[in-house]
Ligand code: FAD
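Residue numbers (full-length UniProt numbering): 154 to 576.
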């Protein structure tokens, strides 16, 4: 069979954004998206569902309605990558051949790594904004809790949207404050990390809210078990000497952010690094071993914040570099690690963190318009009113407003055309 020009694995934010970006530039290419689900989720909206701002149905669309015009959708799951044959093997046994492959399968939520969690999610006061069906339960718990102890947990990095676990806490505290019950609720944030947020410039603004809400921060504490009926959570606590012990704490409600990692089928894949992330050069997003393979989104090894915002900047880079490979040229569009996290510190205010590799601040708008290190109404307005439109109507349609990539006049490293264009 003739190979497709481009095969994209995953019809999430990354897969669809890059498909749209390629087709916008070259509408006649044969671009195939392999995606098993028939629903596409706007996951950044789940924080607002858990905060009682969005209805969950605002965060889903039929897959067929968001597949970019001109792309072919194969509704199937990929079982294996066979880069030596320029093919992917589907779970139904069929092979799909390509000239260029783009791997965007996302990541896996490892609910099973926390003992007892899966059985009790959605009941006994145990919830998570990390699932479409559970985010409304977060709001139900927040709305109805009048006193007691609320726990919010964050696992080891990397996770998608590193700010989401604390966003859940801030929006809950804001609601309790408005309802006049915050003083009767003991709020606790347990993070496996040693800091509140990985980029120091945003921490002072966040700490102001932690203090104002009288929330207690617990560092180096990883949730390891939940007993729903007994309403207790067990943590592995590491002290300053590096010694670990377990501690069990009662709760009235607990918001859990699950541990996350590469998808199981990636862990033994030739495309994966030691962990199973699609192993790419962090600048061009080209695979380190296979010249006609690219990776982007949550599933790739680049050290950016795993966000849809990152995808907005990655997609045009991968699109341009894909076209370069198809033309027998070296990839020269560069991704600088941009990611963004709108921290919803209260209803109506957001601390808009925008940064690249190494935590370097990369604000999109000038500081006089929006200072991302401070809580602003404009940040909230963006998150609530503009982001869903930016996502569905710009990013997933290949309209790259304020996302033009940096293109070098030379390839960033020696390039073997033969090896890259072996199709
Ligand atoms: P996904 O969108 O998860 O898509 C991966 C796709 O690959 C899925 O459709 C899946 O079905 C498919 N797939 C999996 N396995 C296979 C297979 N074997 N074969 C074929 N297809 C496969 N980002 C922000 O920018 N701002 C935010 O405020 C924000 N908040 C968030 C809050 C929460 C609670 C969550 C959960 C996420 C948030 N994010 C936010 C992160 C954002 O949603 C992700 O970074 C983004 O969706 C990543 O896109 P992706 O395409 O890599 O992965």
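Where is the CB? At the ideal position from N, CA and C, for every residue including glycine.
Given the structure is predicted, the values throughout are model-derived calculations rather than measurements.
(1) Can you list, in chain order, the residues of its chain whose CB lies under 6 Å from that of residue 166, leaving out five sequence neighbours each side?
(2) Can you have a look at residue 273 and say buried or exposed, based on whether 16 or more other CB atoms are within 10 angstroms of its CB?
(3) Give every residue of the same chain whose Cβ lies closer than 6 Å to the Cβ of residue 391, excluding the five residues on either side of it in the sequence, and list them in chain order.
(4) What alpha helix (DSSP H) runs, 4 residues minimum, are completely inside the region 197–267?
(5) Counting pairs of Cβ atoms below 8 Å between the region 314–322 and the region 489–503, do you hit three or more?
(6) With a floor of 4 residues, list each alpha helix (DSSP H) that falls wholly inside the region 351–426, ordered by position along the chain.
(7) Out of curiosity, what's the CA-to-CA distance linking residue 170 and residue 350?
(8) To the nearest whole angstrom, what separates the beta carbons of residue 199 and residue 257, a pair I think is in contact under 8 Å?
(9) Do you know whose CA, among 158, 413 and 405, lies nearest residue 175's CA?
(10) Excluding the 5 residues flanking residue 479 on each side, which residues of the same chain have their C-beta closer than 7 Å to its C-beta?
(11) Give me whichever residues DSSP pairs with residue 482 in a beta bridge.
(12) Out of curiosity, what's the CA-to-CA distance linking residue 432 and residue 235?
(13) What are the uninterrupted segments assigned as beta strand (DSSP E) that are 3 or more residues long and contained completely in the region 434–506, given in chain order?
(14) Of the residues 302, 419, 243 and 429, which one's Cα is nearest the Cα of residue 384?
(15) Compare the C-alpha of residue 343 against each of 329, 309 and 326 and name the closest.
(16) Distance check for residue 441 and residue 569, CA to CA, integer angstroms please.
(17) Give the single residue among 437, 476 and 326 whose Cα lies nearest to the Cα of residue 566.
(18) Can you tell me the Cα-Cα spacing of residue 457 and residue 248, whole angstroms?
(19) Going by DSSP in three states, residue 312 sits in which element: helix, strand or coil?
(20) How would you call residue 530, buried or exposed, if buried means at least 16 neighbouring beta carbons within 10 angstroms?
(21) Do residue 564 and residue 466 come within 7 Å of each other at the CB atom, strictly closer than that value?
(22) For residue 568, which of helix, strand or coil comes out of DSSP?
(23) Please report the residue range of the beta strand (DSSP E) in which residue 185 lies.
(24) With DSSP as the reference, label residue 528 as helix, strand or coil.
(25) Cβ-heavy atom distance between residue 500 and the ligand FAD below 6 Å?
(26) Measuring straight from C-alpha to C-alpha, what distance separates residue 242 and residue 422?
(27) Between the C-alpha atoms of residue 341 and residue 544, what's the straight-line distance to the nearest angstrom?
(28) Which residue marks the beginning of the alpha helix (DSSP H) containing residue 288, and which one marks its end?
(29) Is any heavy atom in the ligand FAD found nearer than 6 Å to the beta carbon of residue 231?
(30) Here's a check: name, in chain order, each residue in its chain whose Cβ is nearer than 7 Å to the Cβ of residue 266, leaving out the five neighbours to either side.
(31) What separation, rounded to the nearest whole angstrom, lies between the Cα atoms of residue 245 and residue 161?
(32) Would you check if the distance between the CB atom of residue 498 and the CB atom of residue 323 is smaller than 7 Å?
(33) Quick one: what's got a C-beta closer than 7 Å to residue 294's C-beta in the same chain, skipping five residues either side?
(34) Quick one: is the Cβ of residue 214 within less than 6 Å of any heavy atom of the ligand FAD?
(35) Please list, in chain order, all residues of the same chain as residue 326 whose beta carbon is under 7 Å from its beta carbon, the five residues on each side excluded.
Well, looking at it:
(1) Cβ neighbours of residue 166 within its own chain (closer than 6 Å, five residues either side excluded): 461 and 464.
(2) Buried, by the Cβ-count rule.
(3) Cβ within range, chain order: 373 and 397.
(4) Segments of the alpha helix (DSSP H) lying fully in the region 197–267: 199–203 and 216–219.
(5) Touching, per the Cβ criterion.
(6) Listed in chain order, the alpha helix (DSSP H) runs fully inside the region 351–426 are 356–365 and 417–420, counting runs of at least 4 residues.
(7) Looking at the two C-alpha atoms, the distance is approximately 28 Å.
(8) The C-beta separation of residue 199 from residue 257 comes to about 20 Å, leaving the pair out of contact by the 8 Å criterion.
(9) It is 158.
(10) Once the five neighbours on either side are set aside, the close Cβ partners of residue 479 are 158, 252 and 253.
(11) Within the DSSP secondary-structure output, residue 482 pairs in no beta bridge.
(12) Each residue's alpha carbon lies about 15 Å from the other.
(13) Whole beta strand (DSSP E) segments, 3+ residues: 446–448 and 492–499.
(14) Nearest C-alpha to residue 384: 302.
(15) When each option's Cα is compared against that of residue 343, the closest is 309.
(16) Across the structure, residue 569 and residue 441 are spaced so that their CA atoms are roughly 12 Å apart.
(17) Checked all of 437, 476 and 326; the closest Cα to residue 566 is 437.
(18) Roughly 32 Å separates the two Cα atoms.
(19) Here residue 312 sits in coil by DSSP.
(20) Taking all protein chains shown into account, residue 530 has fewer than 16 neighbouring C-beta atoms within 10 Å of its C-beta and is therefore exposed.
(21) Against a cut-off of 7 Å, the Cβ pair of residue 564 and residue 466 comes out as no contact.
(22) Residue 568 falls in the coil class under three-state DSSP.
(23) Its beta strand (DSSP E) spans residues 184–187.
(24) Looking at residue 528 - three-state DSSP - the assignment turns out to be strand.
(25) Answer for residue 500: no, Cβ out of range of the ligand FAD.
(26) Those two C-alpha atoms are separated by around 12 Å.
(27) Here the C-alpha atom of residue 341 lies approximately 33 Å from the C-alpha atom of residue 544.
(28) Unbroken alpha helix (DSSP H) run through residue 288: 288–297.
(29) Checking every heavy atom of the ligand FAD against the Cβ of residue 231, one is found closer than 6 Å.
(30) These residues qualify, in order along the chain: 412.
(31) Distance between the alpha carbons of residue 245 and residue 161 is about 17 Å.
(32) Result yes, Cβ atoms of residue 498 and residue 323 sit closer than 7 Å.
(33) Answer for residue 294: 278, 280 and 406, listed in chain order.
(34) Look at residue 214: its beta carbon is at least 6 Å from all of the heavy atoms in the ligand FAD.
(35) 335, 340, 366 and 368, listed in sequence order.
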